[in-house]
Amino acid sequence: MRASNLALVLGEVVRTGPVSRARLAARTGLTKSSVSGLVADLITAGLLQESAPAATERGRPATALSLAPGGVAGLGLEVNIDYLAAVVTDLTGAPRYHHVVRRDNRGREVADVVADLIELARAAAGSADAQALPLAGACVAVPGLAVDGTLARTPNLGWDRVDLADAVREGVGLDVELENEANLAALGEMWFGGHQHDGAPLRDFVHVSGEIGIGGGIVIGGEVFRGANGSAGELGHVVVDPAGPLCACGGHGCLERMAGQQEILARAEVSTVEELTRACEAGDRAALDAVTEAGRHLGVALSSVLTLLDPSAIVLGGAFATLAPWLTAPTAASIGHHSGTAPRLLVSGLGSDAAVRGAAGTVVRRVIADPAAHLARQVARAGS
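Counting from 11, one number per residue, gives the positions in the sequence shown under this note's numbering.
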């Protein structure tokens, strides 16, 4: 019961922002004395903080309670095809450290990539320590299927069954979980993206990660839908042209081969997304045609997604967010042509950072959901 009540009180502060003890009691249905005891534990654990009197309760000043930005933090890491990334996020969701290493990880030895990821994680942990931010754990976003801490399949990297969670855990001394990058990007968008539907944060949407690979993160009722085997949302391997080119997954004409970042750059005859953006801004016909063609193929895939799932919105992320000024119109037109649906296409404000932000947020949200477990770990560490 105490664990449940701690989560109830902390969750209410997260939901409503700064609030007095009296209002916490009214909103949770707990007695004022119970709330006072629970709040005292949460303050001692560094999860809540008191501010100067900011409200009045029956003529008396009331102290406001809010999340403590220095109490606990989460480490988010990402292994992607052409970069590694790390973010430290505090309890309020604010990023306190962010670093990206751009490099092509295809063809590199798995051990070398993992060693670089651990080095990146240690630098992030060092920054957290310098800021007096205790890390509650780490989560790694990966471009493939994650099963029980193992990276089971990554078609674009060619990796097979890599025990990545154990390797990072041994390297940085934190509890580590593994999750698909598209799922984490969707969570990052829900928590930090700022988009709303009917005045509330988005809770039913599909986030499309447009990178070298294309991933789809499906959020239903505020929860990620993973499917029976954890591989739901593999949008990049939806076939949009059965006569199209061979894909790394073994199929032909997958969306990834028709509208992936690499294919768009090749058609536009440029090397980077930055070059492509400049070319589009300059009105270069090859660049504009390449993005338009990608949008048409993307619309074919998304028309089926909209028909099957009926989400409130599609959020374009990654490189698709960067290219949105030229990509959105052909994508919407293609959807309309194939399904007759008028989609709500939104552009991610997080771009390529969505997955790593979602990874760090996952760690923090776990503490918020179960503060009693966090308190127990603190006691265990103090006694060791």
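A virtual CB, placed ideally from N, CA and C, is assigned to each residue, including glycine. Being a predicted model, the structure only gives us computed values, none of them experimental.
query	result
Taking the CB atoms as reference points, tell me whether G226 and A258 lie closer together than 8 Å.	no
Does the beta-carbon of Q206 have 16 or more other beta-carbons within 10 angstroms, so that it is buried, or is it exposed?	exposed
Hey, how far is the Cα of P340 from the Cα of H347?	10 Å
Evaluate the contact criterion for the region 181 to 199 versus the region 290 to 303: three or more CB pairs, one atom per stretch, below 8 Å.	no
State buried or exposed for G270, treating a residue as buried only when at least 16 other CB atoms are found within 10 Å of its CB.	buried
C10 bridges to which residues according to DSSP?	Because the chain here runs from 11 to 394, residue 10 falls outside it and cannot be looked at.
In this structure, how does DSSP classify S46 when only helix, strand and coil are distinguished?	helix
Less than 8 Å between the C-beta atoms of A131 and V49, yes or no?	no
Using only CA atoms, which one of D380, S349, G263, A292 lies nearest to M11?	D380
Could you check the C-alpha separation between I91 and V366 for me, to the nearest Å?	14 Å
For L16 and L52, what's the separation of their Cα atoms in angstroms?	8 Å
Please report the straight-line C-alpha distance between H75 and G261, rounded to a whole angstrom.	For clarity, residue 75 is Leu in the given sequence; the question names His instead. In a straight line, the C-alpha of L75 is about 55 Å away from that of G261.
Using DSSP's beta-bridge definition, name the partner residues of S219.	G225, G327
Tell me, which residues are paired with W169 by DSSP?	T164
Using only the alpha-carbon positions, how far apart do G293 and D299 sit?	10 Å
Using the beta-carbon count (16 or more within 10 Å), is E266 buried or exposed?	buried
Enumerated in chain order, which unbroken segments of the alpha helix (DSSP H) with a length of 4 residues or greater are wholly contained in the region 247 to 312?	265 to 269, 271 to 278, 283 to 291
Restricting to Cα atoms, I'd like to know which of R354, P211, L319 is closest to F235.	L319
Please name the residue, chosen from S313, E22, G361, that lies closest to R354 on a Cα-to-Cα basis.	S313
With 16 other CB atoms within 10 Å as the buried threshold, where does S281 fall?	exposed
Excluding sequence positions up to five away, which residues of its chain have a Cβ less than 7 Å from the Cβ of R157?	The sequence shown places Val at residue 157, rather than the Arg named in the question. These residues qualify, in order along the chain: G240.
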